[in-house]
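For the sequence shown, my numbering gives the first residue as 4, with consecutive numbering after it.
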Amino acid sequence: MIRNLPPTLLLLALGFAATSAYAQDGDFEDDDDFTFEGDSEEADDSSRLEEGDNLDSVDDSGDDDLDNFEDPLDDEENEEDNGDLLGEEAPTVNSGDSSQVYRDVQDSVKTMGPDEEMEVWETYLEDYPNTPFRERIRDRTQTLQEELYSQRIGSVSGAGGDAQDQEIKFADALQLENIDPRTRFQAGFEWGLPAYINLFIDYEHALSRKFSIHAGARRRYTGYSVEPGVHWAVVKSARTNTLVTLIGDLHFNATPSWLGVRPQIAFGKRMGKTDFQMQMGPDLELRNPAGVRVVGGMAAHYAASDNVKVFLETHWSMKDIGRSGGFYRFNTASFGMKFFPKKNGDDVSEDLEVNMGATVPYSRNYWSYHQGSVMASTNFYL
4 MIRNLPPTLL LLALGFAATS AYAQDGDFED DDDFTFEGDS EEADDSSRLE
54 EGDNLDSVDD SGDDDLDNFE DPLDDEENEE DNGDLLGEEA PTVNSGDSSQ
104 VYRDVQDSVK TMGPDEEMEV WETYLEDYPN TPFRERIRDR TQTLQEELYS
154 QRIGSVSGAG GDAQDQEIKF ADALQLENID PRTRFQAGFE WGLPAYINLF
204 IDYEHALSRK FSIHAGARRR YTGYSVEPGV HWAVVKSART NTLVTLIGDL
254 HFNATPSWLG VRPQIAFGKR MGKTDFQMQM GPDLELRNPA GVRVVGGMAA
304 HYAASDNVKV FLETHWSMKD IGRSGGFYRF NTASFGMKFF PKKNGDDVSE
354 DLEVNMGATV PYSRNYWSYH QGSVMASTNF YL
């Protein structure tokens, strides 16, 4: 039967038989190039892993982008929440701290006194130790400390009340008139070379915060005199630390006897730790012959510490200013210290002050009352 087959078919049959026998004996080797249906994706993945030799080399940048994704809408909300309502750079919110919280506290302390406001800001720093407003708060508390410091050496009392009803406790000059109406008792002396002695005493009583009457005795350059008068502070503001005072004094000169009128206007201003004042007016001598003097001066008192002030002042006394050959004058400069004794331990007394200084003439013509003098006085505020 095989003999009758065509040669071509016979060759095909023999080739198929040889191949089948070879596969059954296990001599056939797997070829990586052969894949079966359904295994193509696994083969592709295996090929990629074999080419990289390392699983870490797989590109996972897409996962990082997802992890770091930030919603732009969230950024806009954060900018609105952290925006500085004061118009400056947006601060970093710190456990409830924000521009709005800071501004609310600023509004709440506007009516407080320096000591109360300091307590509020100290509490704020304790609650928000990392606040971005720390530097501003430190500057503000420094200013408040200076205000409290000024109060201790004779500034505004009764912090937190109406500034229009508070006392200023303005510094009193040695050679000038008192421009701050208060109830006080004053006594002192001046001794000048070669033979000038001035003993003085004065009591001033405040009928109101702005108006006082006084009476005293002292030696002027014209001789001893008795001096009653009134002091009216038309402006007395503890808020601006400003005084504008009208002074109306009479002096009854003893030797020789005549009446004098000394109306003056005075201005005072506290600037930080310095009390500055100036005053000027005529001294009308109602006698025969009548005379007119120009009197006044300036003074500055600087608070060097809680209980010590240093001062520098000048006093003018001039007459016949238009006189040919030069006018009469005896103008002096004084310098010294003002002490506020301590009481009850470290507390500074606001009722008692002691003044000590020296006076030298720096411009004189025709008049020469002394070559220089020393002076001391005490003021007791009732």
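Glycine included, C-beta positions come from ideal geometry on N, C-alpha and C. These numbers were taken from a predicted model, which means no experiment stands behind them.
Since residue i contacts residue j with CB under 8 Å, what's their CB separation in whole angstroms?
{"i": "A218", "j": "Y206", "result": "6 Å"}
{"i": "G195", "j": "H373", "result": "3 Å"}
{"i": "L246", "j": "W235", "result": "Not really, about 11 Å apart at Cβ, beyond 8 Å."}
{"i": "R367", "j": "R326", "result": "About 15 Å separates the two Cβ atoms, so there is no contact after all."}
{"i": "Q282", "j": "G299", "result": "5 Å"}
{"i": "G375", "j": "M359", "result": "Not quite, the Cβ-Cβ distance comes to about 15 Å (not below 8 Å), so this is no contact."}
Taking the straight line between their C-alpha atoms, what separation do you get for residue i and residue j?
{"i": "A379", "j": "V104", "result": "54 Å"}
{"i": "R242", "j": "I204", "result": "32 Å"}
{"i": "S158", "j": "K239", "result": "Its pLDDT being 42, under 50, S158 is placed unreliably by the model, and nothing is read from it."}
{"i": "D323", "j": "R296", "result": "7 Å"}
{"i": "T225", "j": "E120", "result": "53 Å"}
{"i": "E149", "j": "I268", "result": "30 Å"}
{"i": "M301", "j": "G116", "result": "31 Å"}
{"i": "A361", "j": "R137", "result": "47 Å"}
{"i": "V377", "j": "E288", "result": "28 Å"}
{"i": "Q189", "j": "A307", "result": "23 Å"}
{"i": "G329", "j": "V112", "result": "59 Å"}
{"i": "N382", "j": "D110", "result": "41 Å"}
{"i": "S60", "j": "D107", "result": "Note on S60: pLDDT 44, under 50, position unreliable in the model; the coordinate value appears next. So the two alpha carbons sit approximately 57 Å from each other."}
{"i": "D175", "j": "K276", "result": "15 Å"}
{"i": "H254", "j": "L202", "result": "16 Å"}
{"i": "D354", "j": "E230", "result": "24 Å"}
{"i": "E193", "j": "Y199", "result": "8 Å"}
{"i": "L179", "j": "L151", "result": "28 Å"}
{"i": "F342", "j": "K272", "result": "20 Å"}
{"i": "N334", "j": "F214", "result": "30 Å"}
{"i": "E170", "j": "R212", "result": "8 Å"}
{"i": "V237", "j": "D130", "result": "46 Å"}
{"i": "E80", "j": "P135", "result": "Only weak support exists for where E80 lies, its pLDDT of 45 falling under 50; the value from the coordinates is given anyway. Straight-line Cα distance between these residues: approximately 20 Å."}
{"i": "W370", "j": "V363", "result": "14 Å"}
Let's see if you can read the secondary structure: which residues bound the alpha helix (DSSP H) around residue i?
{"i": "D110", "result": "102–111"}
{"i": "D354", "result": "Here D354 belongs to no alpha helix (DSSP H), and DSSP marks it neither H nor E."}
{"i": "D118", "result": "117–130"}
The beta strand (DSSP E) spanning residue i covers which residue range?
{"i": "G263", "result": "261–274"}
{"i": "E316", "result": "311–322"}
{"i": "R296", "result": "294–306"}
{"i": "K341", "result": "331–342"}
{"i": "P285", "result": "277–289"}
{"i": "N256", "result": "245–256"}
{"i": "S376", "result": "375–384"}
Measuring CA to CA, which of the options is closest to residue i?
{"i": "S320", "options": "T144, T126, D286, G329", "result": "D286"}
{"i": "I216", "options": "M283, S228, R187", "result": "R187"}
{"i": "D252", "options": "N181, R332, K341, S211", "result": "N181"}
{"i": "A336", "options": "K172, S327, I268, Y365", "result": "Y365"}
{"i": "A209", "options": "P184, T258, D118, G99", "result": "P184"}
{"i": "S101", "options": "T114, D118, E122, L128", "result": "L128"}
{"i": "L311", "options": "K213, P231, N382, V357", "result": "The question names Leu, yet the displayed sequence has Val at residue 311. For the residues K213, P231, N382, V357, the minimum Cα distance to V311 belongs to V357."}
{"i": "P259", "options": "D130, R223, I171", "result": "R223"}
{"i": "Q280", "options": "L177, T146, T134", "result": "L177"}
{"i": "S352", "options": "K172, A257, V237, P292", "result": "K172"}
{"i": "I140", "options": "W124, N133, V313", "result": "W124"}
{"i": "T144", "options": "M274, K272, G294, D118", "result": "D118"}
{"i": "Y227", "options": "N244, A257, V233", "result": "A257"}
{"i": "P449", "options": "D278, D309, R290", "result": "Limits of the chain in this structure are 4 at one end and 385 at the other, which puts residue 449 out of reach."}
{"i": "F314", "options": "R290, G284, D278, N291", "result": "D278"}
Worksheet item: For the region 196–229, which segments carrying the beta strand (DSSP E) assignment without a break, of at least 3 residues, lie completely within its bounds, in sequence order?
Response: Every beta strand (DSSP E) of 3 residues or more that sits fully in the region 196–229 is shown, in chain order, as 199–209, 214–223.
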